[in-house]
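Quick notes on the structure that follows.
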Amino acid sequence: MAAVSAVITAQQNGMNAALHAASIPELSYARGINLSVRGGYVKTRPGFHMFSRGVADELVEETSLFQGAAVWRTEDGVFIATVFGGFVRLTAYPDGGTTVVGSYLDPEGLVHIVQAGPYLVFHGGGTSFLALGWEDGTWVVKKTPLVPESMIDDSWDTRMQSISLADDVRARMEADTELSYDDALAAAFAAVVAAGVPTYPPGTVCCFAHGRIHLSSDALGHRYFYSSDILLPSDESSVLKWWENSYLNSGGGLGLPDDLGEIRGMAALQNSGDTASGIGPLVVLAQDGGAAFSVHLPREGVFDVGTGSSGAIPGTAKMLSPGWKDRQIGQILFYGGGTESPWSLVRVNGDLLYRSQDGLRTVKVTATAAANTIVSNAAVSTEVEPFMAFDRGAAALDRISAASCSNRVL
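Residue -11 is where the sequence shown starts when you use my numbering, and the numbers rise one by one after that.
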């Protein structure tokens, strides 16, 4: 009997499981499990490598719950921050040396981590919170509920006071025409302090974009998000402060329509021609849709304020540039096709790829389809639909993670 052999040719079109095997186009294959296609050739997927045994060796218990991880880039190197059972650890890259920061977080539940300027901030919801800074070649604890004094924001400069309390000061001077500007400002400031000095609000899903931390709020049911004070180069700790949420003039949360559900992810689009930095709007993904917010615009409106010997003259201010509350900064991108996992968002080629309930989607493709007249708005993962079905359970969808590396999405 003559020998039979088969040759696997280049398969640069990859896998296509959406069609019957007899119907798929050339240069494609029907099923591929544990395979990698690079340069058109099919190979066995390379294995994963142990990065650091130091983390496992430091665990108090082998059953400690893994709660989250993130990259922290400092002036002295790159670290991988991990949270197991409430304990925070820093693992140096690439040597793998691990340092225990301590038990600062609730041992239950997932932890959301974001780098904001030089700080690494951990959000676990409620009182589970930690902010780390980097000073003199080592980490330092900047804010934690375990040390109440570290949570107090007690620096509010004169400029911030005058801007933030402008409406209150104007109302007081109109109500009492003999009240001086300085006295009205002092009274307005005293009222804010009496109501409670603003501290870091509890929340979970977060993103650092356009100089502010944007945080899904526990107090507002995770349907709204707060934005911190902007990071000032002269005082980088300003990004950990929330004074701008203490007054009605421009504070408070930004929200999505209730039918979109709770906020499940935040990220900023790249390659924008609308901003000087090239970073686009803040995309907020909920369970059943997504919205975009132009948080790169100035939060405070710019006014031409008439002044006299006693300070600002009430009623003479003219708006030169509108702020957040003076313009429409939010836009619904699409309904449906949301996500349950904040960790599934990945920036790819100026777009945001994420895991939705029906597969893999991207923000731009989904939003474009929603804006057109076609009825269908399918996920981009149709060709691997049989594999997407494996993790459709509710227990899996809220924990799916993704990353982009070496021109791959993992």
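We treat Cβ as the ideally placed atom computed from N, Cα and C, and that holds for glycine.
Supposed contact pair residue j and residue i - C-beta distance, whole angstroms, cut 8 Å
i      : j      : result
Leu333 : Ala255 : 5 Å
Tyr188 : Phe110 : Wrong, their Cβ atoms sit about 11 Å apart, outside the cutoff.
Arg252 : Ala279 : Not really, about 12 Å apart at Cβ, beyond 8 Å.
Val157 : Ala178 : Incorrect: roughly 12 Å between the Cβ atoms, too far for contact.
Phe232 : Ala6   : The question names Phe, but residue 232 is Glu in the sequence shown. Glu232 to Ala6, Cβ: 49 Å. No contact.
Phe54  : Phe72  : 6 Å
Met3   : Ser16  : 7 Å
Ala104 : Val227 : 5 Å
Bridge partner(s) assigned by DSSP for residue i
i      : result
Met3   : Tyr17
Met139 : DSSP, once it has assigned bridges, lists no residue as partnering Met139.
Gln275 : Note: Gln275 sits in no beta bridge, so no partner.
Met254 : Val272
Lys31  : Ser24
Arg396 : Cys393
Gly240 : DSSP lists no partner for Gly240.
Val102 : Val109
Phe281 : Leu270, Gly318
Start-to-end residues for the alpha helix (DSSP H) that takes in residue i
i      : result
Phe177 : 169 to 183
Asp156 : 154 to 163
Glu371 : Neither: Glu371 is in no alpha helix (DSSP H) and is coded neither H nor E.
Proximity test, residue i beta-carbon vs the ligand NAP heavy atom, cut-off 7 Å
i      : result
Glu371 : The model on display carries no ligand, and the ligand NAP is accordingly not part of it.
Host beta strand (DSSP E) of residue i (start-end)
i      : result
Lys130 : 126 to 131
Trp122 : 116 to 123
Phe110 : 107 to 113
Buried versus exposed, by CB contacts within 10 Å (16 or more), residue i
i      : result
Arg287 : buried
Ile362 : exposed
Arg41  : exposed
Thr165 : exposed
Gly296 : Caution is warranted here: a pLDDT of 46 is assigned to Gly296, below 50, making its placement in the model unreliable, and the coordinate value is therefore given only provisionally. Exposed: under 16 other Cβ atoms inside 10 Å.
Tyr92  : buried
Thr350 : buried
Met38  : exposed
Val128 : exposed
Ser329 : buried
Val43  : buried
Val135 : exposed
Phe36  : exposed
Arg160 : buried
Pro269 : buried
His8   : exposed
Ser298 : The predicted position of Ser298 is uncertain, since its pLDDT is 49 and thus under 50; a value taken from the coordinates is nonetheless stated next. By the 10 Å Cβ count, Ser298 comes out exposed.
Leu398 : exposed
Leu236 : Annotation note: pLDDT 39 at Leu236 (below 50); position unreliable, coordinate value reported separately. Exposed, since its Cβ has fewer than 16 Cβ neighbours within 10 Å.
Ile201 : buried
Cys393 : exposed
- prompt: In chain order, which continuous runs of the beta strand (DSSP E) of length 3 or greater are located wholly inside the segment 38 to 100?
  reply: 54 to 62, 65 to 72, 75 to 81, 86 to 91
task: Jot down the residue ranges of each uninterrupted beta strand (DSSP E) in the segment 316 to 374, minimum 3 residues, whole runs only, in chain order.
output: 318 to 323, 334 to 336, 339 to 344, 347 to 350
Complete beta strand (DSSP E) runs within the segment 187 to 232 (minimum length 3 residues, chain order): 191 to 197, 200 to 205, 212 to 215
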